[in-house]
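J.: Taken in order, the sequence shown gives residues 1 to 231; the numbers are from UniProt numbering. Backbone N, C-alpha and C define an ideal beta-carbon position, used for all residues, glycine too. I have a structure I would like to understand better, so I am pasting it below and will then ask my questions one at a time.
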Amino acid sequence: MNQRIYRLGCDIGGTFTDFVLLNDETGEIQINKCLTTPKDPSDAVEEGIKEMLTKTPGFVGQLDEVIHGTTLVINSIIERKGAKTGLITTKGFRDVLELAREKRYDTYDIFAVYPEPLVPRPLRLEVDERIASDGRILKKLDPEEAKRVLNQLIDMGIESLAVCLINSFEKPTHELMIKDIVLKEAPDLSLSISYEVLPQIREFERTSTTVTNAYVKPLTGSYLARLSNRL
1 MNQRIYRLGC DIGGTFTDFV LLNDETGEIQ INKCLTTPKD PSDAVEEGIK EMLTKTPGFV
61 GQLDEVIHGT TLVINSIIER KGAKTGLITT KGFRDVLELA REKRYDTYDI FAVYPEPLVP
121 RPLRLEVDER IASDGRILKK LDPEEAKRVL NQLIDMGIES LAVCLINSFE KPTHELMIKD
181 IVLKEAPDLS LSISYEVLPQ IREFERTSTT VTNAYVKPLT GSYLARLSNR L
């Protein structure tokens with residue numbers, strides 16, 4: 001039986017993919033570098049591992065751990081190459097992404113240009129529901145309204161959906177209802193709900209984090225699936 005004595009680290013950057021192979025028994029370290037393959041970064045991972053096998057034959061069968069890091073996600077956000085994303089939120093909170101918080105990086109420059117939200121306003125739609133800060137349901141979610149809003153976004157060509165309702169961290173009932181509706185009406189649509197992504201107080205942080213997750217989820221999901229299959 002092979003002993004699992006190796007750990008492999010790979011870091012996929014925008015230009016290069018770097019590898020470090022550690023033998024836990026001897027402390028020996030092997031490094032390698034190859035060009036990143038932007039269309040499918042898992043190609044570079046496979047190529048780099050093959051190159052390392054010429055120096056350390058058979059190490060793959062003795063791997064105990066593979067550690068993966070990448071800048072691909074942050075690059076896709078900076079370059080705006082993520083999925084076309086829609087947002088469903090509580091009535092009155094459509095513009096949270098643009099209002100943000102009072103503290104800004106250039107508070108006194110009234111001409112400062114801020115980054116555009118990852119979800120443009122036409123793709124941010126509301127449902128008329130409300131949950132209080134203590135978890136009480138003040139206004140029930142209408143499932144039919146949620147379906148209509150979902151179908152509107154689908155008709156506009158969204159590839160991913162973020163759902164962030166006010167105070168859902170305290171009581172996620174309505175978000176979970178929308179999740180069930182999406183799974184029935186559009187099972188292939190990539191979905192992120194704030195209760196699962198960041199169930200914490202403060203609507204801007206929760207909304208922006210959930211939207212960011214939805215924006216990169218199709219990219220990272222397909223990439224990690226291919227990488228897992230290859231590994």
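1. Would you mind sorting N151 into buried or exposed? The rule is 16 or more other CB atoms within 10 Å of its CB.
2. Considering only C-alpha positions, which residue in the set P117, P57, T90 and Y105 is nearest to E79?
3. Looking at C-alpha atoms only, which residue of L198, E129 and S160 is the closest neighbour of V119?
4. Decide if the region 129-136 is in contact with the region 155-171; the criterion is three or more beta carbon pairs, one per stretch, under 8 Å apart.
5. Quick check on E65: buried or exposed, where buried means 16 or more other Cβ atoms within 10 Å of its Cβ?
6. Could you give the distance in angstroms between the alpha-carbon of D18 and the alpha-carbon of S190?
7. Identify which residue in K140, V45 and L123 has its Cα closest to the Cα of R230.
8. Are the beta-carbon atoms of T85 and Y195 separated by less than 8 Å?
9. Please return the same chain residues whose Cβ sits closer than 6 Å to the Cβ of D128, not counting the five positions on each side in sequence.
10. Could you give the residue range of the alpha helix (DSSP H) that holds Q200?
11. For residue 232, which of helix, strand or coil comes out of DSSP?
12. Tell me, which residues are paired with K33 by DSSP?
13. Could you have a look at L8 and say whether DSSP puts it in helix, strand or coil?
14. Rounded to a whole number of angstroms, what is the C-alpha to C-alpha distance between E185 and T54?
15. Run through DSSP, which three-state label would N151 get?
16. Could you give the distance in angstroms between the alpha-carbon of L176 and the alpha-carbon of P143?
17. Could you tell me which residues DSSP pairs with E126 in its beta bridges?
18. May I have the straight-line CA-CA distance separating K139 from P199, to the nearest angstrom?
T.: Quick answer:
1. With fewer than 16 other Cβ atoms inside 10 Å of its own Cβ, N151 counts as exposed.
2. Of P117, P57, T90 and Y105, the residue nearest in Cα terms is P117.
3. The option with the nearest alpha carbon to V119 is S160.
4. The region 129-136, when compared against the region 155-171, does touch it at the 8 Å Cβ threshold.
5. By the neighbour-count criterion, in which a residue is buried when 16 or more other Cβ atoms sit within 10 angstroms of its Cβ, E65 is exposed.
6. Rounded to whole angstroms, D18 to S190 spans 30 Å at the Cα level.
7. R230 has its Cα closest to that of V45, out of K140, V45 and L123.
8. Result no, Cβ atoms of T85 and Y195 do not sit closer than 8 Å.
9. Cβ-Cβ distances below 6 Å link D128 to K91 in the same chain, with the five nearest sequence neighbours on each side left out; the list follows chain order.
10. Careful: Q200 lies outside any alpha helix (DSSP H) and carries neither H nor E.
11. One cannot answer for residue 232 here, as it falls past the ends of the chain, which runs 1 to 231.
12. Among the bridge pairs identified by DSSP, K33 is matched with D18.
13. Here DSSP, grouped into helix, strand and coil, assigns L8 to strand.
14. Computed Cα separation, rounded: 50 Å.
15. N151 sits in a helix when the DSSP states are folded into three classes.
16. Going by the C-alpha atoms only, they are around 11 Å apart.
17. Paired residue(s): T89.
18. So the two alpha carbons sit approximately 20 Å from each other.
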